[in-house]
Amino acid sequence: VPLNEAGRVRELDAEWPIMHKDLQPVVMVAAEAVGRPPGELILSAQFKTIPDHPLPEAIHIKWDGEGEWEITLRVFRDLGIAFCAALAGIFLLLLVQTKSMQLSLVMMCAIPLTLIGIAPGFWLLNLVGAENVGGYDNPVFFTATGMIGMIALGGIVIRNSVILIDFIEESRKKGMALHEAVEASGAVRFRPIMLTALATLLGAWPITLDPIFSGLAWALIFGLTASTMFTLVVIPTIYVLIHKNQEAAR
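Read in order, the letters of the sequence shown correspond to residues -12 to 237 in my numbering.
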């Protein structure tokens, strides 16, 4: 049966649904973020667009009420708490092993060095390898999986510090001078440190092909590369400076 025989077709305005949340009338504002992270768009609207075009006083904005931005805040908050818990656990293990709070903190200095690789690494990755899909940028974001990779790096890079400091301590117990022990630690431990780092990097490389966990792999690659290179210089330097100050105080 033709539709026009069953009735007349007219175009009418659809009724807008009235929604409430926490007993307050609410309007959801949604947008598709293409080529830009949602956080950047939210901050741009919060600190630039809305102040330049203020809303009526009766309207209140809650930026993290729903959607992807709320999920982003919750995920990174929880991962930040997990990172702090991991750091506390690593510190306790080092404290049990070395019986020295000072040595434990020196060894943990390798963890912040991962940020020297991760932040510029993702910037360089987008600068060189970002694709364009349908006329829009398709950048590689530092997502929750990248944060998980950064947390995992905390336990991986500590190994290099433990190897160096342990060798220096053993050498000094045998009567070797401070500078001589530090130089010997770099010379003897350089090869095993570089080989284990290279093995980890090669193991993480295939994961970069995965669309979800690629952030984890890139965080491991960039963070481990920078931390391994800087650990060989920074950790022995900090160790020498601390013991020089202690000897000068005596």
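C-beta atoms are modelled at their ideal positions from N, C-alpha and C, and glycine is treated no differently.
Give the range of the alpha helix (DSSP H) segment to which residue i is assigned.
| i | result |
| --- | --- |
| aspartate 197 | Neither: aspartate 197 is in no alpha helix (DSSP H) and is coded neither H nor E. |
| alanine 117 | Looking at the DSSP string, alanine 117 is not in any alpha helix (DSSP H), and its letter there is neither H nor E. |
| methionine 88 | 88 to 95 |
In terms of alpha-carbon separation, which member of the options lies closest to residue i?
| i | options | result |
| --- | --- | --- |
| methionine 94 | Ala73, Asn232, Ile222 | Ile222 |
| phenylalanine 240 | Val13, Ser201, Gly54, Thr215 | In this structure the chain extends from -12 to 237, so residue 240 is not present and cannot be described. |
| isoleucine 150 | Lys161, Ala171, Gly162 | Ala171 |
| leucine 102 | Arg(-5), Pro(-11), Ala206 | Ala206 |
| aspartate 124 | Pro24, Arg(-3), Met6 | Pro24 |
CB residue i to CB residue j, shorter than 8 Å?
| i | j | result |
| --- | --- | --- |
| threonine 59 | glycine 22 | no |
| isoleucine 225 | cysteine 96 | yes |
| leucine 211 | phenylalanine 177 | no |
| isoleucine 229 | glutamine 33 | no |
| leucine 100 | serine 91 | no |
Below 8 Å on the Cβ atoms is my contact criterion, and I expect residue i with residue j to pass it. Report the Cβ-Cβ distance as a whole number of Å.
| i | j | result |
| --- | --- | --- |
| glycine 142 | serine 214 | Not quite, the Cβ-Cβ distance comes to about 12 Å (not below 8 Å), so this is no contact. |
| leucine 203 | isoleucine 135 | 6 Å |
| alanine 69 | isoleucine 155 | Contact doesn't hold; Cβ gap of about 32 Å is too wide. |
| tryptophan 50 | isoleucine 29 | 6 Å |
| isoleucine 98 | isoleucine 145 | 7 Å |
Worksheet item: In the region -10 to 56, which residue ranges form an unbroken alpha helix (DSSP H) of at least 4 residues, counting only runs that do not cross its ends?
Response: -10 to -7, 25 to 31
Worksheet item: What are the start and end residues of each continuous alpha helix (DSSP H) run of 4 or more residues lying completely inside the region 120 to 158, in chain order?
Response: none
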